[in-house]
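The sequence shown begins at 36 in this note's numbering and counts up one residue at a time.
One structure is given here, and the rest of the page talks about it.
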Amino acid sequence: TIKLGVGVICALLVLKFIAGSILEPIRHFLENVEIRPDSPKHMLYFYIASQLMFIPTPLPFIITAFVLAVGYFFKWLGFIVLILSFTTGIPMAFYAGRVLKNMGFNIRKTLKSGYFADGIGYFDSLSRIITNEPIRMCFLLMWAPLPTQLLPFLVGFLTDVGLREFTLGAVPSKLLHFSCPLIIGIEASSLSSALSGDVNTSWLSVLVFVLPIVLSVLLLAAMAYYVKGALKKLRNGVTDDGTYADKLIV
Numbered sequence: 036t037i038k039l040g041v042g043v044i045c046a047l048l049v050l051k052f053i054a055g056s057i058l059e060p061i062r063h064f065l066e067n068v069e070i071r072p073d074s075p076k077h078m079l080y081f082y083i084a085s086q087l088m089f090i091p092t093p094l095p096f097i098i099t100a101f102v103l104a105v106g107y108f109f110k111w112l113g114f115i116v117l118i119l120s121f122t123t124g125i126p127m128a129f130y131a132g133r134v135l136k137n138m139g140f141n142i143r144k145t146l147k148s149g150y151f152a153d154g155i156g157y158f159d160s161l162s163r164i165i166t167n168e169p170i171r172m173c174f175l176l177m178w179a180p181l182p183t184q185l186l187p188f189l190v191g192f193l194t195d196v197g198l199r200e201f202t203l204g205a206v207p208s209k210l211l212h213f214s215c216p217l218i219i220g221i222e223a224s225s226l227s228s229a230l231s232g233d234v235n236t237s238w239l240s241v242l243v244f245v246l247p248i249v250l251s252v253l254l255l256a257a258m259a260y261y262v263k264g265a266l267k268k269l270r271n272g273v274t275d276d277g278t279y280a281d282k283l284i285v
């Protein structure tokens with residue numbers, strides 16, 4: 036367990052370095068081009084770029100940096116870009132996971148090997164709960180601390196949730212989540228300050244900085260509470276194979 040934890044931390048640090056290396060030249064490029072906040076053509080360019088960012092990779096901060104830049108360049112019109120980008124990008128990442136699953140990749144066999152051998156019960160039970168309450172669980176799952184472009188892919192790959200139910204739960208959740216970074220970008224005096232989080236200390240800036248943190252804690256706690264209740268139902272015989280649920284109740 037200790038080795039796994041150390042490995043995860045090291046992997047996250049490496050991925051953060053890679054993401055920073057990718058974003059730095061993009062920042063320099065954007066600072067040296069003229070982007071008009073009222074230009075539909077420039078909004079279209081950002082929308083197209085956003086769809087590439089939803090390719091499921093484990094790189095952190097990619098979507099957050101994009102949203103901050105959209106807020107800085109397009110101000111309140113950036114909400115149009117945000118809504119369009121997430122409405123198509125999030126289902127696209129989900130569909131990529133579903134296509135991989137339909138190709139016959141055996142996730143259970145993979146989980147039974149290596150470090151994940153003891154976690155197969157968690158996977159089975161949680162997958163069943165997500166399938167039973169898809170919209171609610173997809174809304175809550177989108178607040179998990181994983182890269183935005185990776186979460187929809189994992190839901191599509193690991194569960195049997197339909198595209199419609201996933202979209203109804205996940206897209207509003209992510210729009211709520213990223214409305215605050217967009218406002219931080221609107222309030223920023225430069226692109227560099229937006230990406231670094233160095234914005235003014237007005238009440239609005241403080242609110243939109245603190246609000247996502249508070250919402251993340253509250254919604255993740257709500258998800259844990261709901262999952263625990265659902266697992267109790269599994270244990271009490273709502274489904275035939277409640278043995279996995281017994282492992283999860285603490």
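Ideal Cβ placement from N, Cα and C applies to all residues, glycine included.
Might you give, ordered along the chain, the residues of its own chain that have their beta carbon closer than 6 Å to the beta carbon of residue i, omitting 5 neighbours on each side?
| i | result |
| --- | --- |
| Ile170 | Glu200, Leu203 and Gly204 |
| Ala265 | Ile164 |
| Ser208 | Phe174 and Met177 |
| Phe213 | Val102 |
| Leu135 | Phe192 |
| Met172 | Ile165 |
| Tyr261 | none |
Between the beta-carbon of residue i and the beta-carbon of residue j, is there less than 8 Å?
| i | j | result |
| --- | --- | --- |
| Gly132 | Gly191 | yes |
| Tyr107 | Ala223 | yes |
| Ala128 | Gln184 | yes |
Could you tell me how far apart the beta carbons of residue i and residue j are, in whole angstroms, since I believe they sit closer than 8 Å?
| i | j | result |
| --- | --- | --- |
| Leu253 | Phe121 | Not a contact, Cβ separation roughly 21 Å. |
| Leu103 | Pro182 | 15 Å between Cβ atoms; not a contact. |
| Asn247 | Leu198 | First, the amino acid is wrong: residue 247 is Pro here, not Asn. Not confirmed; about 26 Å, so no contact. |
| Gln86 | Gly113 | Rounded, the Cβ-Cβ distance is 16 Å, inconsistent with contact. |
| Pro72 | Phe109 | 5 Å |
Taking buried to mean at least 16 other C-beta atoms within 10 Å of its own C-beta, is residue i buried or exposed?
| i | result |
| --- | --- |
| Trp111 | exposed |
| Ile221 | buried |
| Pro216 | buried |
| Ala100 | buried |
| Val196 | buried |
| Pro187 | buried |
Please list, in chain order, all residues of the same chain as residue i whose beta carbon is under 7 Å from its beta carbon, the five residues on each side excluded.
| i | result |
| --- | --- |
| Tyr82 | Val116, Leu119 and Ser120 |
| Thr194 | Ser162, Ile165 and Thr166 |
| Leu79 | none |
| Val206 | Phe121, Thr122 and Ile125 |
| Ile90 | Gln184 |
| Pro180 | none |
| His77 | Ile70 and Arg71 |
| Ala257 | Leu175 |
Could you name the residues of the same chain whose beta carbon sits closer than 8 Å to that of residue i, not counting the 5 residues immediately before and after it, in chain order?
| i | result |
| --- | --- |
| Thr92 | Pro182, Gln184 and Leu185 |
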